[in-house]
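Residue numbers (the working numbering): 152 to 329.
For glycine and all other residues, C-beta sits at the position ideal for the given N, C-alpha and C.
Following: one structure in structure tokens, then a few remarks.
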Ligand code: IMP
Ligand code: MG
């Protein structure tokens, strides 16, 4: 897989440091709230499991899956709920764990959905944020790295389902998808 990567943007150690910092920030803000950690499948699994282990407090975990990227590098615009939560989130404090915020459509869709179910609060922790790519107004409160608008893979991020298991985050060579 390494041969398909143009450049490594964040090493395993950079990612580890970001997870420790985010875990500590979330611990500080949520240690007495028993939050529901809502991990957005599939990419979010990697950093969610790293971050919750930095939180020394009661929390519950649940999973949601939506599809917006239908296999390529461009957002399709339409979002489908592929797998729903299986807990009642009414009056609960939610931390949404999203691998990357790009146009913002996915995040907005999920935030609105959870808010409509009566969550006490919904905030977002995103490992990566591409603020210049935003097409809808939405914000992640906790961010690992702000990045330019480039297509990245690794540490949960995929291209056509592959590269998620790379231990670092890198820029995919453009000839892989052109
Ligand atoms: P948005 O709805 O455009 O914000 O897209 C969010 C989703 O698109 C993320 O949850 C990712 O699954 C996917 N995505 C956005 N940018 C990238 C990228 O650079 N690499 C891999 N997946 C991405
Ligand atoms: Mg995603």
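Tell me where the beta strand (DSSP E) around residue 213 begins and ends. 211–218
Pull up the CB-CB distance for residue 278 and residue 157, whole angstroms please, since I reckon it's below 8 Å. Incorrect: roughly 20 Å between the Cβ atoms, too far for contact.
Within its chain, find whatever has a CB closer than 7 Å to the CB of residue 273; leave out the 5 residues flanking it on each side and keep chain order. 245, 247, 262, 265, 266
Closer than 8 Å to a non-hydrogen atom of the ligand IMP - does that hold for the CB of residue 143? With the chain covering only 152 through 329, there is no way to say anything about residue 143.
Report, in whole angstroms, the separation of the C-beta atoms of residue 240 and residue 270, which I expect to be a contact under 8 Å. 5 Å
Report, in whole angstroms, the separation of the C-beta atoms of residue 280 and residue 298, which I expect to be a contact under 8 Å. 7 Å
When DSSP labels each residue in this structure, what does residue 264 get in the three-state scheme? helix
For the candidate residues 175, 300, 195, whose alpha-carbon lies nearest to that of residue 216? 195
Ignore the nearest five residues each way along the sequence and tell me which others in residue 296's own chain have a CB closer than 6 Å to its CB. 279
Quick one: does the C-beta of residue 255 sit closer than 8 Å to a heavy atom of the ligand IMP? yes
Shorter than 8 Å, the distance from the beta carbon of residue 214 to the closest heavy atom of the ligand IMP, or not? No, since every heavy atom of the ligand IMP falls outside the 8 Å radius drawn around the Cβ of residue 214.
Look up residue 170 in the DSSP assignment and say whether it is helix, strand or coil. helix
Specify, as a first and last residue, the run of the beta strand (DSSP E) that residue 233 falls within. DSSP places residue 233 inside the beta strand (DSSP E), whose first and last residues are 231–234.
Using a Cβ-Cβ cutoff of less than 6 Å, which residues in the same chain neighbour residue 214 once the five nearest sequence positions on both sides are dropped? 190, 192
Simplified DSSP assignment, three categories, for residue 280: strand
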